[in-house]
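Heads up: the sequence shown begins at 2 in my numbering, then just goes up one per residue. Positions of the beta carbon are idealized from the N, C-alpha and C atoms, including for glycine. Small disclaimer: the values here were computed from a predicted structure and weren't measured.
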Amino acid sequence: MFFEALKHVRKKFIGTKKDKVTSYTENELLNFMDLSYNNLKVLLLTFILLQLLIVMAKIFIAL
Numbered sequence: 002m003f004f005e006a007l008k009h010v011r012k013k014f015i016g017t018k019k020d021k022v023t024s025y026t027e028n029e030l031l032n033f034m035d036l037s038y039n040n041l042k043v044l045l046l047t048f049i050l051l052q053l054l055i056v057m058a059k060i061f062i063a064l
């Protein structure tokens, strides 16, 4: 989903072959920033949970 949004942004900034000039409204940019921020939060949360799982596994092995 994040990469799809990134692709969409790239397409908006660079523009398709048909129209060279593409404008970006502030609202669209803010929406994208919000979207990427939410995805970043999810990634961070999963990373932290994964780290906790690894630590728990190490403790379990040590016992």
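Practice task
Give the secondary structure of residue 64 by DSSP, where H, G and I count as helix, E and B as strand, and everything else as coil.
Solution key: coil
Practice task
Return the CA-CA distance between residue 57 and residue 29, expressed in angstroms with no decimal places.
Solution key: C-alpha separation (whole angstroms): 42 Å.
Handout entry: Span separating the alpha-carbon of residue 50 from that of residue 42
Key = 12 Å
Exercise for the section: Note down the Cα distance separating residue 40 from residue 48, rounded to an integer number of angstroms. Expected result: 12 Å
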